[in-house]
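Quick notes on the structure that follows.
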Ligand SMILES: [Zn+2]
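Protein chains in written order, with my numbering: chain X, 5 to 249; chain U, 23 to 183.
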């Protein structure tokens, strides 16, 4: 059994690992070179955050667990990421929107965690906050550009909102281990919603109304999308256990 | 057992590490960048404390290896490289000499007044400030991409952080 602290660290690292993996699927396929590079840079930042959370979790477990075994050798039910980050890339608009919705959540979260009583969590958050600032700025600009763009890009962004919005409720529905964060999720949600409302308004996109919210990822209950993602992510270590290069 | 090293060792090690460069920006040493935070001596082991510029900086593993190699070559076999996150690295730790070298290398050094200015970053080629931001994300995590409106050269800017 993991302690709540370890599970919380895995949850944090799983969120960033899975989103990093999703973003890196765009590598070599971005609409223009600069934006391909931007998204892969963000993927790299997220992967760095993952390593910090996993390394800390591994150091606490003391049973030979490493950052690599955490990434490559857990089964789907042992992942605690939210459902939002595992959603498929869809088109460029959906990928951008997913990044924006998540960055807008990460920003106030890390702002709070950077003063967490656990020094390591505080240090990881303070470092990552600098990067998330860029991610949020970049993704906000793109949401505005596409939302307030052509009729085609506008309608695609509305479709992306329909697809992703049902996965945003889970962000503010804390799992038991999230008590470690010691953050009031209502305060987090207000900060997130204020930001999202402002950017969507600038993008001439309607704020989605009440809808049924999906959840389960934070407890290890995932959509089938995560199985396929992990199959690709873990392929090498599963096929050639312990292989190094 | 008495310690093998004394305080002169730290100065000697600092000298050796002056030659360890960032693999992505080879004109900058880890001292220029402010990555090297501390050197500590434990009985038979030298501990070198470094901090990453960016969380996901892939150069850190290479830098740790180069530190070990440089010290091994000079006869220090037992070296431990520790990476610390706090306090978080900031571009303010980059030395003035480092910023100068960066400019000569063709990368605009960080401007502490603005994170990523929309324009006005000095072009490292023709030195005009008539430039514009192309992308907040450049060839590595620590850089943004700009273009000069006068000489038309695109160039990297080391993001203020
Ligand atoms: Zn120029």
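Think of the CB as a built atom: it goes at the ideal place given N, C-alpha and C, for glycine as much as any other residue.
Minimum C-alpha distance to residue 31(U) - residue among 93(U), 170(U), 83(U), 177(U): Comparing alpha-carbon positions, the option among 93(U), 170(U), 83(U), 177(U) lying closest to residue 31(U) turns out to be 93(U).
Span separating the alpha-carbon of residue 117(X) from that of residue 130(X): Separation of residue 117(X) and residue 130(X) (C-alpha to C-alpha, rounded to the nearest whole angstrom) is 8 Å.
Interface partners of residue 159(U) on chain X, CB under 9 Å: For residue 159(U), the neighbours in chain X by C-beta distance under 9 Å run, in chain order, 38, 39, 41, 42, 43, 44, 45, 46, 138, 142.
Contact the segment 138-147 of chain X vs the segment 81-91 of chain X: 3+ CB pairs below 8 Å: Contact between the segment 138-147 of chain X and the segment 81-91 of chain X is absent, with fewer than three C-beta pairs closer than 8 Å.
Any non-hydrogen atom of ligand 1 within 7 Å of residue 51(U) CB: Distances from the CB of residue 51(U) to the heavy atoms of ligand 1 are all 7 Å or more.
Cβ separation of residue 50(X) and residue 23(X), assumed to be a contact under 8 Å, to the nearest whole Å: About 6 Å separates the two Cβ atoms, so the contact holds.
Exposed unless 16 or more other CB atoms sit within 10 angstroms - verdict on residue 74(U): When all chains shown are included, residue 74(U) counts as buried.
Residue 34(U), DSSP secondary structure in three states: Shown here, residue 34(U) sits in a helix according to DSSP, grouped into three states.
Contact between the segment 67-83 of chain X and the segment 215-228 of chain X (3+ Cβ pairs under 8 Å): Yes: at least three Cβ pairs fall under 8 Å.
Residues bridged to residue 176(U) (per DSSP): 169(U), per the DSSP bridge assignment.
Sequence-distant residues of its chain with Cβ nearer than 6 Å to residue 152(U) (five each side left out): Annotation for residue 152(U): 171, 172 place their beta carbon closer than 6 Å to its own, counting only its chain and skipping 5 residues before and after.
Per DSSP, cross-strand counterpart(s) of residue 64(U): Partner(s): 67(U).
Distance CB(residue 38(U))-CB(residue 96(U)) smaller than 8 Å: Going by C-beta atoms, residue 38(U) is nearer than 8 Å to residue 96(U).
Any chain X beta carbon closer than 8 Å to residue 176(U): Not closer than 8 Å to any Cβ of chain X, the Cβ of residue 176(U) fails to qualify, so no.
Span separating the alpha-carbon of residue 181(X) from that of residue 221(X): Their Cα atoms are separated by approximately 13 Å.
Proximity test, Cβ basis, 8 Å: residue 184(U) and chain X: For residue 184(U) there is no data in the structure shown, the boundaries of chain U being 23 and 183.
Contact set between residue 132(X) and chain U, taken where Cβ atoms lie within less than 7 Å: Under the 7 Å cutoff, chain U gives 77.
Collapsed DSSP secondary structure at residue 136(X) in the structure displayed: If DSSP states are grouped into helix, strand and coil, residue 136(X) belongs with the helices.
Ligand 1 heavy atom lying under 7 Å from the CB of residue 147(U): At least one heavy atom of ligand 1 lies less than 7 Å from the C-beta of residue 147(U).
Presumed contact (8 Å Cβ cut-off) between residue 143(X) and residue 104(X), rounded CB distance: Between residue 104(X) and residue 143(X) the Cβ distance is about 4 Å, and since that is below 8 Å, they are a contact.
Residues near residue 267(U) in its chain [Cβ-Cβ closer than 8 Å; skip 5 each side]: Outside the modelled stretch of chain U, which goes from 23 to 183, sits residue 267(U), for which no answer is possible.
Partner residues on chain X for residue 34(U), Cβ-Cβ distance less than 7 Å: Chain X residues near residue 34(U): none, gap ~30 Å exceeds 7 Å.
Distance cut-off 7 Å: residue 172(U) Cβ against heavy atoms of ligand 1: Flag set: Cβ of residue 172(U) near ligand 1.
heavy atom of ligand 3 below 7 Å from residue 150(U) C-beta: No copy of ligand 3 occurs in the structure displayed; its ligands are ligand 1 alone.
Cβ-based burial, residue 123(X) [other Cβ within 10 Å; buried from 16]: In this structure residue 123(X) is exposed. Its beta-carbon is surrounded by fewer than 16 other beta-carbon atoms within 10 angstroms.
Under 9 Å from the C-beta of residue 58(U): neighbouring residues of chain X: Near residue 58(U) there are no residues of chain X at all, since even the closest Cβ is about 17 Å away, more than 9 Å.
Neighbouring residues, chain U, relative to residue 2(X) (Cβ below 8 Å): Because chain X is modelled from 5 through 249, residue 2(X) falls outside the range shown and cannot be assessed.
Beta-carbon contacts of residue 114(U) that lie in its chain and below 7 Å, excluding the five residues immediately before and after: Excluding sequence neighbours, residue 114(U) sits near 134.
Per-residue burial, residue 131(U) [other beta carbons within 10 Å of its own, 16 or more giving buried]: Looking at its Cβ environment, which holds 16 or more other Cβ atoms inside 10 Å, residue 131(U) is buried.
Which residues DSSP lists as bridging residue 102(U), in chain order: Within the DSSP bridge table, the entry for residue 102(U) names 69(U) as partners.
Short CB-CB distance (under 8 Å) between residue 156(U) and chain X: Residue 156(U) counts as touching chain X.
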